[in-house]
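Heads up: the sequence shown is residues 778 to 999, going by our numbering. Virtual Cβ for every residue (Gly too), placed ideally from N, Cα, C. One structure below.
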Amino acid sequence: IAHDLKNPFNALIWFSDLLMDNFKNMEPQEIEEQLQMLSNASHQAYNLLEDLLLWSKAQQGKITFVPQKIIINNIFDEIQSNLENVAAKKSISIKFEDSPDTVLYADSNMLKTILRNLISNAIKFSPRGSDVIVRVDKENEFARISVSDKGIGISEKNLSRLWQLSEQFTTKGTENEDGTGLGLVLCKEFVDKHGGKIWAVSEPGKGSDFMFTIPLFDKKNE
778 IAHDLKNPFN
788 ALIWFSDLLM
798 DNFKNMEPQE
808 IEEQLQMLSN
818 ASHQAYNLLE
828 DLLLWSKAQQ
838 GKITFVPQKI
848 IINNIFDEIQ
858 SNLENVAAKK
868 SISIKFEDSP
878 DTVLYADSNM
888 LKTILRNLIS
898 NAIKFSPRGS
908 DVIVRVDKEN
918 EFARISVSDK
928 GIGISEKNLS
938 RLWQLSEQFT
948 TKGTENEDGT
958 GLGLVLCKEF
968 VDKHGGKIWA
978 VSEPGKGSDF
988 MFTIPLFDKK
998 NE
């Protein structure tokens, strides 16, 4: 993970040094391009650090699990607001399909982390102008939430490696976005806390469906 963290910082140092040494002789468009790369590297480093700190706390039992009654639409509105700029850069639409009466019994912060990571990954591996679809279905006492894309897909060999830190591997996004796989390990950690399951169905070149289950709210939970 430390090795992966060096990549965005190397980019930050390289691009900032380049700007410092050459900005007086650079065209405005060149400067804008370099600043965009600096911004991307900064966000990548921040997101990785955030996931790393959360995962570390989870391993040490320092994250409090507080399930409560949650309207899934409200969570999605917040996630969509946070990710709309990232999606807009690739002209990707995030669409949400849900029955209006779906109420979950979940830890709000953990659920947000799961959705943020899965939707961010879907955006990363999707082509420009495509859709990322989040769908919620009820299955007995659980809700099954799926995040689907029409991106590059994952081979059968690599599907089983997604959820283990020891089997961590990285794949570039459709526009060379970097990732470490730590976010998926964190997702599994938090889904397990809820007594749910997480899995993926994918085929190279045809996209991926990442699915997880979260308990539905029941009056006995009040």
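Beta-ladder partner(s) of residue i, from DSSP
i    : result
K846 : Y882
L871 : Residue 871 is actually Ile in this sequence, not Leu. Partner(s): V909.
I922 : V913, F989
V978 : D986
Sub-8 Å separation of residue i and residue j beta-carbons
i    : j    : result
D878 : I849 : no
F967 : I891 : yes
F873 : I922 : no
Q806 : F792 : no
W832 : L961 : no
S903 : P981 : no
L829 : L959 : yes
I790 : F800 : no
Contact set for residue i: own chain, Cβ-Cβ below 7 Å, skip 5 residues either direction
i    : result
V843 : D884
K997 : none
Cut-off 8 Å between Cβ atoms - residues of its own chain near residue i, not counting five sequence neighbours on either side
i    : result
S847 : Looking at the sequence shown, residue 847 is not Ser but Ile. Counting only Cβ-Cβ distances below 8 Å, and skipping sequence neighbours, we find V880, L881, Y882, A883, S885, L888, F994.
A864 : S870, I871, I900, V909
E766 : Look at the range of the chain in this structure, 778 to 999, and you will see that residue 766 is not part of it.
E861 : I871
Q845 : Y882, A883, D884, S885
For residue i, the nearest candidate out of the options (CA to CA)
i    : options                : result
A818 : T841, N799, D908, K783 : K783
S897 : V978, S858, Q813       : S858
S979 : K970, L939, V863       : L939
S937 : F800, W976, N917       : W976
N787 : G906, G838, M814       : M814
R912 : L830, F853, N935       : F853
G972 : N935, K934, F919       : F919
N894 : Q821, I808, M803, S816 : Q821
Y823 : P785, R905, D798, D969 : P785
S907 : D969, G838, S816, K867 : K867
D914 : S816, M803, P992, E855 : P992
Proximal residues to residue i (C-beta, below 6 Å), its chain only, five neighbours per side dropped
i    : result
A835 : E966
I840 : K834
R905 : K867, S868
K970 : F842
L796 : Q811
C-beta neighbour in chain B for residue i, strict 8 Å
i    : result
M797 : Absent from the structure is chain B; it holds one protein chain and no more.
Is the number of C-beta pairs between the region 980 to 987 and the region 923 to 937 that are closer than 8 Å three or more?
yes
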